[in-house]
Amino acid sequence: SAKASGKRQWCQYQPALQAGLAERHELNESLDSAISESAFTLYYQPIVDLAGGGLVAFEALVRWPHARRGMVPPEEFIALAEESGQIVPLGAWVLEHAAAETTRWQRTSLAPRAVRGRAPLHVSVNVSARQFRDAGFVDVVREIIDTSGIQPDSLILELTESILMRRDDRVRADMATLSDLGVRIAIDDFGTGYSSLSYLREFPISLLKIDKSFIDGLGVSQQQYALVEGITRIADTLGVQVIAEGIETTAQRDLLAAMGCPLGQGYLFAQPLTVEQAGALVREDAALVGLPERDRS
Ligand code: C2E
Ligand code: MG
Ligand code: MG
Ligand code: MG
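Yeah, the sequence shown ends on 1029 if you go by full-length UniProt numbering, and it's all consecutive.
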C-alpha cells in the first residue's frame, strides 16, 4: 500500500506480523521491557490551517528505538501491543508525554498566538480500540489532564471507526464523559473502514480526518474530488472540522483549500518531527515548508 511504501526508506527488517511465533514472543518480551523502561519516542507531525498556513496542532506518533532493529515504526508493534493488552500502558505513556510536551510548548507560544488571534497549539493523540475500551481509560485521561495542566480542549483523541461501529453503550458513555471534560474527539482514517456520516450526529465528534487514500485521488479523479468535497460540506454543516491526511502536493493543497477544507497534514508541510524539531517549529511556526510565500513572515 501507499502507506507502507512511504515507510520503507527507514525500516528494512521483517515486519513483526510476518515473523514466526518465536520472534513474536521475543518482540512481546522486549516490548514489555520497553514499556517498563519507557523506551519510546514521540514524533510530532504538524497539522496546518489550509487557508492561512499556520500551525494548528501536532499529531503525536510513537516510535520505538530498538537496539537491533533501529527506529521501529508503529505499524510494526501497535497491532502486537493491542493483541497482548500492552497497548494500555503504552497508550497511557504516549498520552502523558504528548500532553506534557504540548503544555511546555504552549507556554512559549501562547502570547504570540493570542496577539495574532489564534487558538493555543493543540495535540492529537491516537487511541486504539483496545485502549479506549479499557475500563480505566477515562480516568487515565483525567489524571493526565491534571498532572500536565493541559487545557482539555487542546487535547484531541483520534479514534477509529471500529470503536464507533459497535454502538456500544459504554463507548457512548465514555465519549460523553470525555466530551464533558472538554476533550475533543476525532475520527481517524475516515473512509477506510465502516464509514458512516451518521457517526457525526450520533457521537460527540469535533474532527474528521479524511484518509490519505482519498487525498491521493484529488486532481486525478473527478469522483474522488466530489466525494471529499461532499464529506467536507456535510461535516461543516454539522459543526465538524475536517483534517485532510497525507497531503503531498501543492495541487492537492490548493484543491482542498478551494473546497473549504479547513485543516491539513502531510509531507508537503512536514514529515513527523523529532521533539527538538517540533519545538523549533513552534518558535518559528511560519517557516513550514510548502506554504505560499505570502504566508511566511
Ligand atoms: P495515522 O494515525 O493515520 O497517522 C498518519 C500516518 O501517516 C503516520 O505514519 C504519518 O507519518 C503518515 N503520513 C503523514 N503524512 C503523510 C504523507 O504525506 N504521506 C505518507 N505516505 N504518509 C504520511 P506513522 O507515524 O508510521 O503511524 C502509522 C499509524 O500507526 C498511525 O496512522 C496510527 O494508526 C498508528 N499510531 C501511531 N502512533 C500511535 C500511538 O501512539 N498509538 C496508537 N494506538 N497508534 C499509533
Ligand atoms: Mg492518527
Ligand atoms: Mg490517520
Ligand atoms: Mg492510520
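Just so it is clear, CB atoms sit at the ideal spot from N, CA and C, and this is done for glycine as well. This structure is a prediction, so every number in the text was calculated from the model and none was measured.
{"Check": "Which stretch, first to last residue, makes up the alpha helix (DSSP H) that contains Arg818?", "Outcome": "First, the residue type needs correcting, since residue 818 is Gln and not Arg in the sequence shown. Element bounds for Gln818: n/a, residue is neither H nor E."}
{"Check": "Does the distance between the C-beta of Asp920 and the nearest non-hydrogen atom of ligand 6 fall short of 7 Å?", "Outcome": "The model depicted lacks ligand 6 and carries ligand 1, ligand 2, ligand 3 and ligand 4 instead."}
{"Check": "Thinking just about the alpha-carbon of each residue, which of Leu896, Val952, Val915 is nearest to the one in Asp871?", "Outcome": "Val915"}
{"Check": "Given the structure, does Glu977 come close to ligand 3, in the sense that its CB is under 7 Å from one of the ligand's heavy atoms?", "Outcome": "yes"}
{"Check": "Can you tell me whether Glu890 is buried or exposed? The criterion is at least 16 other CB atoms within 10 Å of its CB, across all chains shown.", "Outcome": "buried"}
{"Check": "If you reduce the DSSP assignment to three classes, tell me which class Pro871 lands in.", "Outcome": "First, the residue type needs correcting, since residue 871 is Asp and not Pro in the sequence shown. The answer is helix: DSSP assigns Asp871 an H, G or I state."}
{"Check": "In whole angstroms, what is the alpha-carbon distance linking residue 1102 and Ala908?", "Outcome": "The structure shown does not extend to residue 1102, since the chain is modelled only from 733 to 1029, so the question has no answer here."}
{"Check": "Arg795: buried (16+ other C-beta within 10 angstroms of its C-beta) or exposed?", "Outcome": "buried"}
{"Check": "Excluding sequence positions up to five away, which residues of its chain have a Cβ less than 7 Å from the Cβ of Ala832?", "Outcome": "Ser880"}
{"Check": "For Lys735, name the three-state secondary structure that DSSP assigns.", "Outcome": "Bear in mind that a pLDDT of 44 at Lys735, under 50, signals an unreliable position, so the number given afterwards is only what the model happens to contain. Correct three-state label for Lys735: helix."}
{"Check": "Which same chain residues, not among the five before or five after Gly1011, have their C-beta less than 7 Å away from its C-beta?", "Outcome": "Trp837"}
{"Check": "Give the range of the beta strand (DSSP E) segment to which Thr773 is assigned.", "Outcome": "773 to 781"}
{"Check": "If you follow the beta strand (DSSP E) that Asp885 is part of, which residue opens it and which one closes it?", "Outcome": "Looking at the DSSP string, Asp885 is not in any beta strand (DSSP E), and its letter there is neither H nor E."}
{"Check": "Would you report the Cα separation of Tyr931 and Ser768, rounded to the nearest angstrom?", "Outcome": "37 Å"}
{"Check": "Which of the three DSSP states is assigned to Val859 in this structure?", "Outcome": "coil"}
{"Check": "For Gly996, which beta-bridge partners are listed by DSSP?", "Outcome": "Val780, Ala976"}
{"Check": "Can you tell me the Cα-Cα spacing of Gly957 and Glu758, whole angstroms?", "Outcome": "Looking at the sequence shown, residue 957 is not Gly but Tyr. Answer to the nearest angstrom: the Cα atoms are 45 Å apart."}
{"Check": "Verify whether the separation of the beta carbon atoms of Leu853 and Leu950 is less than 8 Å.", "Outcome": "no"}
{"Check": "Quick one: what's got a C-beta closer than 8 Å to Gly868's C-beta in the same chain, skipping five residues either side?", "Outcome": "Val820"}
{"Check": "So for Val1014, helix, strand or coil by DSSP?", "Outcome": "helix"}
{"Check": "Give the range of the beta strand (DSSP E) segment to which Val788 is assigned.", "Outcome": "787 to 798"}
{"Check": "Let me make sure I understand the geometry here. Which of Pro936, Leu940, Ser765 has the alpha-carbon closest to that of Ser927?", "Outcome": "Leu940"}
{"Check": "With three or more C-beta pairs closer than 8 Å as the rule, is the segment 798 to 813 touching the segment 983 to 1002?", "Outcome": "no"}
{"Check": "Whole angstroms is fine: what's the gap from Gln883's alpha carbon to Ile937's?", "Outcome": "18 Å"}
{"Check": "Compare the C-alpha of Leu827 against each of Ser860, His798, Arg845 and name the closest.", "Outcome": "Ser860"}
{"Check": "Closest by CA to Arg985, which one among Glu1008, Glu1016, Lys944, Val1007?", "Outcome": "Lys944"}
{"Check": "Tell me where the alpha helix (DSSP H) around Ala967 begins and ends.", "Outcome": "954 to 969"}
{"Check": "What number of angstroms, rounded off, separates the C-alpha of Arg850 from the C-alpha of Glu961?", "Outcome": "26 Å"}
{"Check": "Who are the Cβ neighbours of Gln744 in its own chain at under 7 Å, not counting the five residues just before and after it?", "Outcome": "Low confidence applies here, because Gln744 scores a pLDDT of 44, under 50, leaving its location unreliable and the question unanswered by this model."}
{"Check": "Once the 5 residues before and after Glu814 are set aside, which same chain residues still bring their CB inside 6 Å of it?", "Outcome": "Ser860, Arg862"}
{"Check": "Return helix, strand or coil for Thr879, following the three-state DSSP convention.", "Outcome": "helix"}
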